[in-house]
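*Asks:* Below you'll find the structure I mean.
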Amino acid sequence: MLTPGVRIVRGPDWSWENQDGGEGHVGTVCEIGKSGTVGSPDKTVVVQWDNGTRTNYRVGYLGKYDLRVIDNAQIGVKHPNIVCDGCDSQGISGMRYKCTICYDYDLCYMCYHGDKHDLSHNFKRFDSATSLGSDLPPRLNGKKCELNGIYVGAKVVRGFNWEWGNQDGGEGKVGRVLDIRGWDNESSRSVANVQWFSGNTNVYRLGHKGNCDIKFIESSSGGYYYPEHLPVLGQNVEQTVVRPNRSGPPPFGVGDKVQVTVSVEQLKAMQQGHGGWNPRMAEYIGKVGTVHRVTD
Numbered sequence: 220m221l222t223p224g225v226r227i228v229r230g231p232d233w234s235w236e237n238q239d240g241g242e243g244h245v246g247t248v249c250e251i252g253k254s255g256t257v258g259s260p261d262k263t264v265v266v267q268w269d270n271g272t273r274t275n276y277r278v279g280y281l282g283k284y285d286l287r288v289i290d291n292a293q294i295g296v297k298h299p300n301i302v303c304d305g306c307d308s309q310g311i312s313g314m315r316y317k318c319t320i321c322y323d324y325d326l327c328y329m330c331y332h333g334d335k336h337d338l339s340h341n342f343k344r345f346d347s348a349t350s351l352g353s354d355l356p357p358r359l360n361g362k363k364c365e366l367n368g369i370y371v372g373a374k375v376v377r378g379f380n381w382e383w384g385n386q387d388g389g390e391g392k393v394g395r396v397l398d399i400r401g402w403d404n405e406s407s408r409s410v411a412n413v414q415w416f417s418g419n420t421n422v423y424r425l426g427h428k429g430n431c432d433i434k435f436i437e438s439s440s441g442g443y444y445y446p447e448h449l450p451v452l453g454q455n456v457e458q459t460v461v462r463p464n465r466s467g468p469p470p471f472g473v474g475d476k477v478q479v480t481v482s483v484e485q486l487k488a489m490q491q492g493h494g495g496w497n498p499r500m501a502e503y504i505g506k507v508g509t510v511h512r513v514t515d
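In this note's numbering, each residue carries its 1-based index in the sequence shown increased by 219.
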């Protein structure tokens, strides 16, 4: 996840007062530090805060971690076959939160931090589609903070990476954020749609490939979040393809004869987050078929 474009907030070792604008204010990782570099050595990153401040922070440098990741959809992370049971979106962008109590129940980051589902239930966070997952405590009675930055309603001006001439009406001209969206099929929540008071409306980079075209002069709220439920930027989390633990050979092989033996209600539940339900599937209950391919 140490990639330009991820959206971050202050982390466990933060010691830079309100350089970020205050707890809950959001920024973007723009550059990754390299060995031999004086300004940005290895295990540091350069962050562009939504308020316009740009400087570097520790992501393992001298054992300190200044930042947490609030969203990584901006770098193209997606769980294409998982449905969010909070907002019904097909394919969760960014981090996925899976309830460990309920059967096949998943939330996107906005629904999880927006208190959807039972707050007393434990969840597991998957930082990518190949993540092993990290166990989380219940949200009930957990610390919550408000997100502030470039969200819908924020007033903005041109920022560090601006390269769009006088599309905004000129230096210092103000616009309002209409929505946050993705950049084609490459990433999600990585650009802001801005209507300038001069009349023009266009989209501007807010994390796409680590670029930030705008900064706010008046922030807006992005909802709330649980800081301790977020990954710490720079800390190594084992990444592996999630596969069920099995001893012995797989239960099915190509050519095997199989039969659907569950009820319609059970089959519907099993399809949640795995392509969804099609009424025609009920026609195959009780019928015998042949396995033609086995996938992980």
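Quick reminder that beta carbons are idealized off the backbone N, C-alpha and C, glycines included. Quick caveat: nothing in here was measured; it's all calculated off a predicted structure.
Can you look up residue 448 in the DSSP assignment and give me helix, strand or coil?
*Replies:* Helix.
*Asks:* Give every residue of the same chain whose Cβ lies closer than 6 Å to the Cβ of residue 448, excluding the five residues on either side of it in the sequence, and list them in chain order.
*Replies:* Once the five neighbours on either side are set aside, the close Cβ partners of residue 448 are 355.
*Asks:* Would you please state the rounded distance, in angstroms, between the beta carbons of residue 245 and residue 366? I believe it to be under 8 Å.
*Replies:* 6 Å between Cβ atoms; contact.
*Asks:* Just tell me which of 399, 335, 358 and 285 has its CA closest to the CA of residue 423.
*Replies:* It is 399 whose Cα lies nearest to the Cα of residue 423.
*Asks:* Between which two residues does the beta strand (DSSP E) harbouring residue 364 extend?
*Replies:* Run containing residue 364: 364-368, per the beta strand (DSSP E) assignment.
*Asks:* Rounding to the nearest angstrom, what Cα-Cα distance links residue 508 and residue 500 in this structure?
*Replies:* When rounded, the distance between both Cα atoms is 13 Å.
*Asks:* Looking at residue 378 and residue 436, is the spacing between their C-beta atoms short of 8 Å?
*Replies:* For residue 436 and residue 378, no; Cβs fall outside 8 Å.
*Asks:* Measuring alpha carbon to alpha carbon, tell me which of 242, 333 and 256 ends up nearest residue 285.
*Replies:* The shortest Cα separation from residue 285 among 242, 333 and 256 belongs to 242.
*Asks:* To the nearest angstrom, how far is the alpha carbon of residue 510 from that of residue 478?
*Replies:* When rounded, the distance between both Cα atoms is 10 Å.
*Asks:* Mapping DSSP to helix, strand and coil, what is residue 322?
*Replies:* Here residue 322 sits in coil by DSSP.
*Asks:* With distance defined between alpha-carbon atoms, name the residue in 305, 323 and 261 nearest to residue 486.
*Replies:* When only C-alpha atoms are compared, the closest one is 323.
*Asks:* For residue 334 and residue 255, what's the separation of their Cα atoms in angstroms?
*Replies:* Their Cα atoms are separated by approximately 44 Å.
*Asks:* Beta strand (DSSP E) containing residue 249: first to last residue?
*Replies:* Its beta strand (DSSP E) spans residues 246-251.
*Asks:* Which same chain residues, not among the five before or five after residue 450, have their C-beta less than 6 Å away from its C-beta?
*Replies:* The residues are 288 and 346.
*Asks:* Which residues in the same chain have their Cβ closer than 7 Å to the Cβ of residue 267, if we skip the five residues on either side of it in sequence?
*Replies:* Within the same chain, residue 267 has close Cβ partners 246, 247, 249, 273, 379 and 431.
*Asks:* Look at the alpha carbon of residue 446 and the alpha carbon of residue 343, and state the distance between them as a whole number of angstroms.
*Replies:* Rounded to whole angstroms, residue 446 to residue 343 spans 15 Å at the Cα level.
*Asks:* Find out if the Cβ-Cβ distance for the pair residue 414, residue 397 is shorter than 8 Å.
*Replies:* Yes, these two residues count as a Cβ contact at 8 Å.
*Asks:* In the DSSP assignment, find the alpha helix (DSSP H) that holds residue 503 and state where it starts and stops.
*Replies:* That residue, residue 503, is in no alpha helix (DSSP H); it is neither H nor E in DSSP.
*Asks:* Roughly how many whole angstroms lie between the Cα atoms of residue 405 and residue 352?
*Replies:* Looking at the two C-alpha atoms, the distance is approximately 24 Å.
*Asks:* Tell me the DSSP secondary structure of residue 462 in three-state form.
*Replies:* Model confidence at residue 462 stands at a pLDDT of 43, short of 50, so the residue's coordinates are unreliable; what they give is reported in the following sentence. Three-state result, residue 462: coil.
*Asks:* Given a cut-off of 8 Å, decide if residue 305 and residue 321 are closer than it, judged by their beta-carbon atoms.
*Replies:* Not closer than 8 Å, so no.
*Asks:* Can you tell which of 319, 298, 317 and 316 has its C-alpha closest to the C-alpha of residue 310?
*Replies:* Comparing Cα positions, the closest option is 298.
*Asks:* Could you say which of 348, 317, 349 and 350 lies nearest to residue 336 if we only look at CA atoms?
*Replies:* When only C-alpha atoms are compared, the closest one is 317.
*Asks:* From the DSSP output, which residues share a beta bridge with residue 275?
*Replies:* Answer is 265, bridged to residue 275.
*Asks:* Please list the terminal residues of the continuous alpha helix (DSSP H) segment that includes residue 332.
*Replies:* Where residue 332 is concerned, the enclosing alpha helix (DSSP H) stretches over 328-332.
*Asks:* Report all residues from its chain with a CB closer than 7 Å to the CB of residue 339; omit the five preceding and five following residues, and keep chain order.
*Replies:* The residues are 357 and 359.
*Asks:* At the level of alpha carbons, what is the spacing between residue 300 and residue 332?
*Replies:* Approximately 21 Å, taken between the alpha carbons.
*Asks:* Alpha carbon to alpha carbon, how far is residue 425 from residue 312? Give it in angstroms, no decimals.
*Replies:* Residue 312 and residue 425: Cα-Cα distance of roughly 16 Å.
*Asks:* Going by the DSSP bridge assignment, what does residue 354 pair with across the sheet?
*Replies:* DSSP output for residue 354 lists 343 as bridge partner(s).
*Asks:* Suppose the cutoff is 6 Å on Cβ atoms and the five residues either side in sequence are ignored; what does the same chain contact list for residue 473 look like?
*Replies:* If we look at residue 473 and ignore the five residues flanking it on each side, its Cβ neighbours are 510.
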